[in-house]
Amino acid sequence: MIDLHSHILHNIDDGTRSLQEAVALARAAVADGVTIMAATPHGASSVSTWTRYEVDLARKRLAEVRAALAHEEVPLQLISGTEIYGEPGALERLQAGALLPYETGRAVLVEFPLHITPQAAEQIIFGFQLAGYRVVLAHPERYHFVLRDPNTLLPMIERGIVMQLTCDALLGVQGSRMKMLGELMVQHGLVQILATDAHGLHLGRVPNLGAARIRVAQLVSEQLADALTRLHPEAILADAPLTPMPPSRIRNWDGSRYA
Ligand SMILES: [Fe+2]
1112 MIDLHSHILH NIDDGTRSLQ EAVALARAAV ADGVTIMAAT PHGASSVSTW
1162 TRYEVDLARK RLAEVRAALA HEEVPLQLIS GTEIYGEPGA LERLQAGALL
1212 PYETGRAVLV EFPLHITPQA AEQIIFGFQL AGYRVVLAHP ERYHFVLRDP
1262 NTLLPMIERG IVMQLTCDAL LGVQGSRMKM LGELMVQHGL VQILATDAHG
1312 LHLGRVPNLG AARIRVAQLV SEQLADALTR LHPEAILADA PLTPMPPSRI
1362 RNWDGSRYA
């Protein structure tokens, strides 16, 4: 399996706090069946309390973790990336080399403040798309507009935005409402990839792609489980087309409590 969202790099954001923790996270991912993991530290210029991202530091941490994995013979291929904070200037920083896209392919992982409007998110995403990047939207299930009405994602999916559901949401780690939303999103084709967003054992945010994969196979099919955890991430890293399940409207979600 391929995990395209993690905070495995140590001492750069709220992810792992030491090289040892990073190696432990990698070992847990390998035991879970992951062969390729993208290291995607938070890259934000406007919110500095939880990240001290500098591209040189990200490269240095990546080299340190790769060397440790090679030395300890942990068979995990680590690739670079950034969880880009969707803010004005983000595209320019990416183009200037101050943020790392996924190491292969031409794709970026983008997150937004949770209260963003769909219009504001789309405007920033379109900028990336116009510049030739495929956009993977990090944890769509957390945005307030999605909690109010998950069908807001339908036109975004039609415009090629890849929705990354976080395993914790689907598995109930974030509560029963989030689990219900995650399940509905999977069943209605509103998810194109699963990822862990693992931050490290200290936060209890651990590799659990295998369990989420099993849940998708139970909910829909083995074929979809394979697509969300292997085929689609592979296509993103190869700049190849996805063959997603056709999305459909969710009719039984009560978002009024989030209005
Ligand atoms: Fe993240």
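If you use my numbering, the sequence shown corresponds to residues 1112 to 1370, in order. We put the beta carbon where it would ideally sit given N, CA and C, even for glycine.
Item: Any non-hydrogen atom of ligand 1 within 8 Å of T1151 CB; Value: yes
Item: Distance cut 5 Å, beta-carbon to ligand 1 heavy atom: residue list by chain order; Value: E1194, D1308
Item: For R1245, the three-state DSSP class (helix, strand or coil); Value: strand
Item: Residues sharing a beta bridge with S1117, DSSP; Value: A1309
Item: Close beta carbons around D1124, own chain, < 8 Å, minus the five adjacent residues each side; Value: H1118, P1152, H1153, W1161, T1162, R1163, Y1164
Item: Selected residue, minimal CA-CA separation from R1288, among L1211, N1363, T1263; Value: N1363
Item: Exposure label - G1286; buried when at least 16 CB within 10 Å; Value: exposed
Item: contact_flag[the stretch 1209-1222, the stretch 1188-1196] where n(CB pairs < 8 Å) is 3 or more; Value: yes
Item: Cβ contact check for the stretch 1224-1237 and the stretch 1178-1185: 3 or more pairs under 8 Å; Value: no
Item: Whole-angstrom distance between H1182 and L1295, CA atom to CA atom; Value: 43 Å
Item: Local conformation of V1302 per DSSP, three classes; Value: coil
Item: Environment of G1200 [buried if 16+ CB atoms lie within 10 Å]; Value: exposed
Item: Spatially closest choice to A1137 from L1168, P1186, S1156, by CA coordinates; Value: P1186
Item: Sequence-distant residues of the same chain with beta carbon closer than 6 Å to R1326, five excluded per side; Value: L1281
Item: Assumed close pair E1252, L1220 - CB separation to whole angstroms, cut-off 8 Å; Value: No, E1252 and L1220 are not in contact; Cβ-Cβ is about 15 Å, not under 8 Å.
Item: Start-to-end residues for the beta strand (DSSP E) that takes in I1227; Value: From DSSP, I1227 is part of no beta strand (DSSP E); its letter is neither H nor E.
Item: Helix, strand or coil at E1210 according to DSSP, with G and I counted as helix; Value: First, the residue type needs correcting, since residue 1210 is Leu and not Glu in the sequence shown. L1210 falls in the coil class under three-state DSSP.
Item: Cβ neighbours of A1232 in the same chain (closer than 6 Å, five flanking residues each side left out); Value: F1223
Item: Other residues of its chain near R1360: CB distance less than 8 Å, five sequence neighbours each side excluded; Value: N1262, L1265, H1299
Item: Reduced DSSP category for T1151 - H, G, I as helix; E, B as strand; rest coil; Value: coil
Item: Identified DSSP bridge partners for A1218; Value: R1245
Item: 7 Å CB neighbourhood of L1173 in its chain, flanking five on each side removed; Value: L1120, A1150, L1189, S1191
Item: Euclidean distance between Cα positions of M1356 and Q1275; Value: 14 Å
Item: V1273, enclosing beta strand (DSSP E) - first and last residue; Value: 1273-1277
Item: C-alpha gap between P1072 and M1112, whole angstroms; Value: The shown model of the chain, from 1112 to 1370, leaves out residue 1072, and the question about it has no answer.
Item: Contact belief for D1143 with A1306 at Cβ below 8 Å, rounded distance in angstroms; Value: The Cβ separation is near 12 Å, so there is no contact.
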